[in-house]
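Enquirer:
Number of protein chains: 2
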Amino acid sequence: MNKINLAEKFTQFSAHWSPKIIAELNGQHVKLGRIKGEFVWHRHEHEDELFLVVKGSFRMEFRDRHVDLHEGELLVVPRGVEHRPVAENECCIMMFEPASTLNTGNAGGPRTVAKPDWI
Amino acid sequence: MNKINLAEKFTQFSAHWSPKIIAELNGQHVKLGRIKGEFVWHRHEHEDELFLVVKGSFRMEFRDRHVDLHEGELLVVPRGVEHRPVAENECCIMMFEPASTLNTGNAGGPRTVAKPDWI
């Protein structure tokens, strides 16, 4: 039951699109991610996902629209909705989602992180 | 599926110890709170709670220790653990917890907010 300092945790990794787990509660994981560039289009059949921008900004693309997110802004992507995060410049995000959630959802492929590390 | 700006949401209420719901996902609520002074000692039998400091600082007291939390720091309080948040100066926090969670847990009493408002 120790506190977690987000800025300190972000110093512990530098890879993009490689989420790290920092906390678990009620079957949910809190994850940090550094993102840059375009991710893969995907959806999660059974999991809603929350994205909070800790530093920087990124765009969440949907098939019919997009949402630009800046520091201090969050977005919930409901289960079943195809999405693709895109960051022109590196962006630091925090995610809340069920512990079962895979980063690439239904898409799979080489960018899947099957078992994210705890930091 | 609109983005939520935390700073803007905090302008929508001023009462202390009156959590507001800003998002729901996977049976969990994301809540904002303004806290100042001492809350009541309580525990949650079935819910873990996450506290993230958005602005300011506060102290989470436990029966045998305490944790001082500052902006950008978070703490998970596991179910069953008695705790009491105390803020010398006003502090803005974000909470992540099951939708069933009552602010006063097992303690009940006049500071219970049975049905927090959505903002």
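Sequence order for the protein chains is L and U.
When you line the first sequence up against the working numbering, it's residues 1 to 119, in that order.
When you line the second sequence up against the working numbering, it's residues 120 to 238, in that order.
We put the beta carbon where it would ideally sit given N, CA and C, even for glycine.
What whole-angstrom Cβ distance do E38 (chain L) and T101 (chain L) have, given they're in contact under 8 Å?
Expert: Going by Cβ atoms, the distance from E38 (chain L) to T101 (chain L) rounds to 20 Å, so no, they are not a contact pair.
Enquirer: Can you list, in chain order, the residues of the region 197–218 of chain U whose Cβ is nearer than 8 Å to any Cβ on chain L?
Expert: Those would be P197, V200, F215, E216, P217, in chain order.
Enquirer: Opposite L74 (chain L) in the DSSP bridges: which residues?
Expert: In DSSP, L74 (chain L) forms a bridge with L:L52, U:I123.
Enquirer: How would you label P98 (chain L), buried or exposed, when you count the other beta carbons within 10 angstroms and need 16 or more for buried?
Expert: Per the 10 Å Cβ criterion, buried.
Enquirer: Do R182 (chain U) and E201 (chain U) count as a contact pair if the criterion is CB distance below 8 Å?
Expert: Going by C-beta atoms, E201 (chain U) is nearer than 8 Å to R182 (chain U).
Enquirer: Quick one: what's got a C-beta closer than 6 Å to R178 (chain U)'s C-beta in the same chain, skipping five residues either side?
Expert: The residues are H185, D187, V205.
Enquirer: Helix, strand or coil for K115 (chain L)? Go by DSSP, reduced to three states.
Expert: Here K115 (chain L) sits in coil by DSSP.
Enquirer: Locate the beta strand (DSSP E) running through P204 (chain U), then write down its first and last residues.
Expert: Counting along the chain, the beta strand (DSSP E) containing P204 (chain U) begins and ends at 203–217.
Enquirer: Would you please verify whether the beta carbon of I123 (chain U) is less than 8 Å from any beta carbon of chain L?
Expert: Answer yes: the Cβ-Cβ gap between I123 (chain U) and chain L drops below 8 Å somewhere.
Enquirer: Rounded to the nearest angstrom, how far is the Cβ of K9 (chain L) from that of I22 (chain L), given a contact under 8 Å?
Expert: Rounded, the Cβ-Cβ distance is 5 Å, consistent with contact.
Enquirer: Report the neighbours of V40 (chain L) on chain U: residues whose CB is nearer than 8 Å to its CB, in chain order.
Expert: Within chain U, no residue comes near V40 (chain L); the closest Cβ sits about 20 Å away, beyond 8 Å.
Enquirer: From the DSSP output, in three-state form, read off F177 (chain U) for me.
Expert: Three-state DSSP puts F177 (chain U) in a strand.
Enquirer: If you measure between the beta carbons of V172 (chain U) and G228 (chain U), is that distance less than 8 Å?
Expert: No.
Enquirer: If I follow the unbroken beta strand (DSSP E) through R142 (chain U), where does it start and stop?
Expert: One point to set straight first is that residue 142 (chain U) is Ala, not Arg, in the sequence displayed. Unbroken beta strand (DSSP E) run through A142 (chain U): 139–144.
Enquirer: Can you find the residues in the same chain that come closer than 6 Å, C-beta to C-beta, to V196 (chain U), ignoring five residues on each side of it along the sequence?
Expert: Cβ within range, chain order: E168, H202.
Enquirer: When you compare the CB positions of N89 (chain L) and E192 (chain U), do they come within less than 8 Å of one another, or not?
Expert: Not in contact: N89 (chain L) and E192 (chain U) (Cβ atoms no closer than 8 Å).
Enquirer: Within the continuous beta strand (DSSP E) that includes L32 (chain L), where are the two ends?
Expert: That run of the beta strand (DSSP E) goes 28–38.
Enquirer: What do you reckon, are the CB atoms on G224 (chain U) and R153 (chain U) nearer than 8 Å?
Expert: Not a contact, by the Cβ cut-off of 8 Å.
Enquirer: Mind pulling the chain U residues with CB within less than 7 Å of G72 (chain L)?
Expert: Result: N124, L125, A126.
Enquirer: Is the separation between the beta-carbon of K36 (chain L) and that of C92 (chain L) shorter than 8 Å?
Expert: Not in contact: K36 (chain L) and C92 (chain L) (Cβ atoms no closer than 8 Å).
Enquirer: Listed in chain order, which residues of the region 20–45 of chain L have Cβ atoms closer than 9 Å to some Cβ of chain U?
Expert: Answer set for the region 20–45 of chain L: I22, A23, E24, L25, N26, G27, Q28, V30.
Enquirer: Exposed or buried, what is K234 (chain U) when buried is set at 16 or more other beta-carbons lying within 10 Å of its beta-carbon?
Expert: Exposed.
Enquirer: Alpha carbons only, please: which of L:S14, L:F13, L:K20 is nearest the one belonging to V113 (chain L)?
Expert: For the residues L:S14, L:F13, L:K20, the minimum Cα distance to V113 (chain L) belongs to L:K20.
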